[in-house]
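The structure appears right after this line, and notes come after that.
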Amino acid sequence: MEILTGTISDANVCVYMFVFYKLKIGSNFKHSKSTRLHLNDRLKSLDILYNSRDIAVSSEQKWEKISDVGKRFGFSRSTVSTIWKTKKNSQAESEGKSCKKLKKPKYEDLDQAILSWFHQQRQNNMPISGPLVKAKAENFAEELGLAAFKASEGWLGKFKQRHHINYGKISGEARSVDTNMTHDWINKVWSKFKEKYAPSDIFNADEAGIFYKLTPDKTLKFKGEKCVGGKLSKERITVLVAANMDGTEKRKLMVIGKSKNPRCFKNITKLPVTYKANKSAWMTSQLLKKKCESGMQN
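In terms of this note's numbering, the sequence shown is residues 2 to 299.
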């Protein structure tokens, strides 16, 4: 069989073989160049017909009759009918494979309780991990008296799939804490807590990202000229700043970079800051814990 030009998808092979038989073998095909070109055109028309809206012949929608569609594309009524049936079966099979039905959870009350808790936490922009969800599920199960329940990885995967939950990267601190929760903590907790310590012994610390290779986001330009920028640099360092409440003491800055031994540190034996490194140049809970344990001095 010769290779014919034109775009023919694998999904339509059965239909094309049927037409190939009708056009080539069933009509005493002769090996001539003109006949091959004619067959090429017919197969191209067949591909257009298969992917055309017209192939969905339906009396309810009052579209064209099968015979009219066949005349317009140059095929018989039986050929168009075969293509239509094949396409219909193919679509039904495809939809059946893509729509996998999930079973209902065994403990529906527990599932709804966890989902409500999840919604509440996300409304407050609280970060939630897989182990945290499983631990909360175990707590709810205990309260509901579900001794047989076990929050396994399989259960967690199905829970996320049922409710369309996936992991996302947290970026920035916008609305990271609910303002009402902050005010309540300041008025009810902080006011009593600070009475136990002198202002000089109470410290506040915060971190900031410095993108030292970032270009300005505004530029001078000619009138009418489009402002098209290039790719922004993501090179950064993170700096931790800390000072006490009355401003009498400022702790040494902590700088976090990506490289453990940067070239710029060559022949330098002492730094005015505490330098740490990790692959993202971000502050981590481990780094902050070590800094606090050392009294934020080193």
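For glycine and all other residues, C-beta sits at the position ideal for the given N, C-alpha and C.
Counted within 10 angstroms of its Cβ, other Cβ atoms place residue i as buried (16 or more) or exposed
i, result
"M182", "exposed"
"K195", "exposed"
"T239", "buried"
"V190", "exposed"
"I187", "exposed"
"A152", "buried"
"K292", "buried"
"L272", "exposed"
"V138", "The sequence as given places Ala at residue 138; Val does not occur at that position. So A138 ends up on the buried side."
"I211", "exposed"
"A136", "exposed"
"A12", "Caution applies to A12, whose pLDDT of 44 falls short of 50 and renders its modelled position unreliable; the model cannot decide the point."
"S119", "In the sequence under discussion, the amino acid at residue 119 is Phe, which differs from the Ser named in the question. Classification of F119: buried, given that the 10 Å Cβ count is 16 or more."
"T275", "buried"
"S286", "exposed"
"T270", "exposed"
"F141", "buried"
"L288", "buried"
Coarse secondary structure for residue i, derived from DSSP in three states
i, result
"E250", "coil"
"A148", "coil"
"M127", "coil"
"S214", "It should be noted that the sequence gives Lys, not Ser, for residue 214. DSSP places K214 in coil when its eight states are reduced to three."
"N181", "helix"
"A136", "helix"
"T270", "coil"
"G169", "coil"
"I187", "helix"
"I115", "helix"
"D285", "The residue asked about is misnamed: residue 285 is Thr in this sequence, not Asp. Reduced to three states, the DSSP call for T285 is coil."
"H164", "coil"
"K197", "helix"
"K107", "coil"
"K82", "In the sequence as displayed, the identity of residue 82 is Ser instead of Lys. Helix, per DSSP."
"S153", "coil"
"S234", "coil"
"S192", "helix"
Residue i vs residue j beta-carbon contact at 8 Å
i, j, result
"E208", "M127", "no"
"K259", "K277", "no"
"L116", "H184", "no"
"R237", "A206", "no"
"L157", "L111", "no"
"K161", "N167", "yes"
"N245", "I203", "yes"
"E143", "S201", "no"
"L215", "S192", "no"
"S129", "Q122", "In the sequence on display, residue 129 carries Ile and not Ser. Their beta carbons are under 8 Å apart, which means I129 touches Q122 by this criterion."
"Y198", "F150", "no"
Residues sharing a beta bridge with residue i, DSSP
i, result
"E208", "L241"
"I257", "T239 and K277"
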